[in-house]
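K.L.:
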Amino acid sequence: MNKYFLTAIFAITLFFKSADTSLAANTAKISYTVTFPEAQAHYVNVEMHIDNIHQSNITLKMPVWTPGSYLVREYAKNVETFVVTADGKEIPFKKTRKNWWSINTTGKKSITIKYNIYCNEISVRTPAVDVSHAFLSTLGVFFYPEGMLHQPSTIHIIPYKGWTKVSTSLETVDNDIFTRHSPDYDILFDSPIEVGNQDVFGFDANGVKYEVAMYGGGNYDAERLKKDMAKIVETEANIYGENPNKHYTFIIHNYQRANGDLEHLSSTVLEALPDAYKNENKYQDFLSTVAHEHFHLWNVKRLRPIALGPFDYDNENYTTDLWIAEGFTAYYQDIVLRHAELIPADNYLKVLSDDINSVENTPGKKIQTVADASYDAWIKTYRPDENSVNSSISYYDKGSVIAMLLDLEIINDSKAKYSLDDVIHYMYNEYYKTKKRGYTDAEFKLGLEKFAGKNLDEFYKQYIYGLADIDYNKFLAYAGYTAVDENAATNYPSLGVELTSGSKKIVTTVLRNTAAWNDGINTGDEITAIDGNSVLDSALLFKDKKTGDKITVKINRNGLPITLPVTLLRNAQLKYSIESIPNPSAQQLKVRNKWLKL
Ligand SMILES: [Zn+2]
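For the sequence shown, my numbering begins at 14 and goes up steadily by one.
1. Measuring straight from C-alpha to C-alpha, what distance separates residue 476 and residue 454?
2. Looking at the structure shown, is residue 38 part of a helix, part of a strand, or coil, going by DSSP?
3. Would you mind stating whether residue 406 and residue 383 have Cβ atoms separated by less than 8 Å?
4. Output needed for residue 485: all residues of its chain with C-beta closer than 7 Å, excluding positions within five of it in sequence on either side, in chain order.
5. Any heavy atom of ligand 1 closer than 7 Å to the beta-carbon of residue 309?
6. With DSSP as the reference, identify every bridge partner of residue 61, one or two as the case may be.
7. Please determine if the region 55-72 and the region 150-159 are in contact, where contact requires at least 3 C-beta pairs separated by less than 8 Å.
8. By the 10 Å Cβ neighbour count, where 16 or more other Cβ atoms means buried, how is residue 465 classified, buried or exposed?
9. Can you say whether residue 611 is buried or exposed, counting buried as having 16 or more other CB atoms within 10 angstroms of its CB?
10. To the nearest angstrom, report how far apart residue 501 and residue 583 are at their CA atoms.
11. Can you check the region 172-227 for any alpha helix (DSSP H) of at least 4 residues that lies completely inside it and give the ranges in chain order?
12. Which of the three DSSP states is assigned to residue 8 in this structure?
13. In whole angstroms, what is the alpha-carbon distance linking residue 235 and residue 279?
14. Cβ of residue 342 within 7 Å of any heavy atom in ligand 1?
15. Measure the C-alpha to C-alpha separation of residue 571 and residue 563 and round it to an integer number of angstroms.
16. Between the Cα of residue 333 and the Cα atoms of 139, 104, 317, which residue gives the shortest distance?
17. Cβ atoms of residue 82 and residue 201: under 8 Å apart, would you say?
18. Taking 6 Å as the limit between beta carbons, can you name the residues of its chain near residue 79, skipping five residues before and five after?
19. Which residue from 581, 99, 84 puts its Cα closest to that of residue 330?
20. I need the straight-line Cα distance from residue 499 to residue 87, nearest angstrom please.
21. So, are the CB atoms of residue 277 and residue 207 less than 8 Å apart?
22. Between the Cα of residue 432 and the Cα atoms of 604, 473, 512, which residue gives the shortest distance?
23. Taking all protein chains shown into account, do 16 or more other C-beta atoms lie within 10 angstroms of the C-beta of residue 438, making it buried, or fewer, making it exposed?
24. Rounded to whole angstroms, how far is the Cβ of residue 440 from the Cβ of residue 412, which I believe are closer than 8 Å?
25. From which residue to which residue does the beta strand (DSSP E) around residue 351 run?
26. Which first and last residues belong to the alpha helix (DSSP H) in which residue 498 is found?
27. Could you tell me the alpha carbon to alpha carbon distance between residue 205 and residue 108, rounded to whole angstroms?
28. Closest to residue 558 by CA distance: which of 545, 581, 185, 549 is it?
29. Restricting to Cα atoms, I'd like to know which of 307, 42, 265 is closest to residue 290.
30. What whole-angstrom Cβ distance do residue 226 and residue 340 have, given they're in contact under 8 Å?
31. Do you know how far the Cα of residue 601 is from the Cα of residue 493?
32. DSSP three-state call for residue 357: helix, strand or coil?
33. Can you give the Cα-Cα distance for residue 183 and residue 257, rounded to whole angstroms?
34. Enumerate, from N- to C-terminal direction, the unbroken beta strand (DSSP E) stretches of 3 or more residues contained entirely within the region 463-546.
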């Protein structure tokens, strides 16, 4: 708990609007002019004007994190020059915290702050500038004055030579695409801006204008994307009962290394592989990402855990509910594709079995609960190390599996009258629309119980706050399915490591309670020989040996040769596939049809 806690409670009725209002600040006028005189060196220059000042001090702050990505990123580290002027003269300022700049404004009506920022971290959460485009992740570009988070501002963009387009959910001013209006800072910080020569196309769905801005090329078929993305939009809006935006922007960065996506209120930023669109499996993955990020416009951006808004931009914002905010979204990203008839049921069941295998093959599932994984996202999920697989569980994977269990439970208990969709719809109406605040842990549980028609204490005790093994077949049986472990019939021993794929076999992971773990193989070791033979990937699995056999593993550790005797253990990896039981009953088929919309 910190000093912002009371502020957050007090501000609940404001929903998503920050509470740090100050009467003196209400009349200040704020604008920014953004230029790119050194785009080739990855700089953005900003001139910030604050007019009509009626206070003796203004502290400018830069957020330390971006909502949706639970890591303190220290955006202020990239601020370089910082010059304040008033009446044409430079005036002093003082840094009072890593991300705070304090300016004495006694007797000043207007001040101008000129600063530049180095922007060369390519991700969906960080600003990036080069001569081909500028991606303005706004939290890392725009300072806000303390106490003025509620203030509107205007952003003028003077593009680098040859740039002609701006893609953002911020409204234009006087139809000038290079001048944008922000009603307050929560909206500005939730509205990334893409400037450059991106390919832009659009479609309408639910009466909302959708813009797709493609940076970096790619072998996409715009006509197919328009149709498929519209189906996703409409299927998701159907669950919530409304599509709350007037317009929505997909900013899609096509990079050779795609590694993340980020949701916003009325837009999203995705990273995609430029060659993903012509390969059906990769295209399904891309649509799944679209469905995930777009689903967030409701789940987490509007229907949200109580801790996630109003945001504290100076500190970590803790919640135990990312298994709902992210895990449920991860569940819906695939089942929505099935419900939109973009993938057949078999593809969906394959994705589901992959999710189950991810959870089951993570030894950390016996160490960390999904509620704890959520709370510690800041120091664990977003700061993984070589032992993360042994010490933590993904709130995406386990949250997605929990959503599946709850969906099946509700469909079965209600005799196919309700599904998890009804819970989501109810919670959205009850908390976002009616109470205009986030939900507590207990309130979300009550929402689930309302449609399950029963108490979920034991479910929560086992799977949310506990480490119980998940009884998949109990839940899958409701729909006449069973999870079959394809590895159950084999008895091969294994070492229990993961290796690099190149010619040098370096250990990247040692799984808990395996032969390698017990007998002292470490991550970073290079395995040079096993029983005198060179090492192949198949060394992970020993089909000609049995549990209890002894082998000799030669390694190179820190330049020194070491020989380790290792006693092999049975390969503990599970490989589930989901299969129909023979002759499902009428009730099971009813649940199945409701679940998979067959
Ligand atoms: Zn997400």
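Where is the CB? At the ideal position from N, CA and C, for every residue including glycine. Note that the structure is a prediction, hence the values are computed from the model and not measured.
P.N.:
Let me spell this out:
1. 14 Å
2. No answer about residue 38 holds up, because its pLDDT of 47 lies below 50 and its placement is not dependable.
3. yes
4. 369, 496
5. yes
6. 45, 126
7. yes
8. buried
9. exposed
10. 11 Å
11. 198-201
12. What is shown of the chain runs 14 to 611, which leaves residue 8 out entirely.
13. 21 Å
14. yes
15. 25 Å
16. 317
17. no
18. 138, 152
19. 84
20. 46 Å
21. no
22. 604
23. buried
24. In fact, because the Cβ distance is near 15 Å, the residues do not count as touching under 8 Å.
25. From DSSP, residue 351 is part of no beta strand (DSSP E) but of the alpha helix (DSSP H) over 342-352.
26. It is not in any alpha helix (DSSP H) - residue 498 instead sits in the beta strand (DSSP E) that spans 494-498.
27. 27 Å
28. 581
29. 265
30. The Cβ separation is near 29 Å, so there is no contact.
31. 5 Å
32. coil
33. 15 Å
34. 494-498, 510-512, 520-523, 539-543
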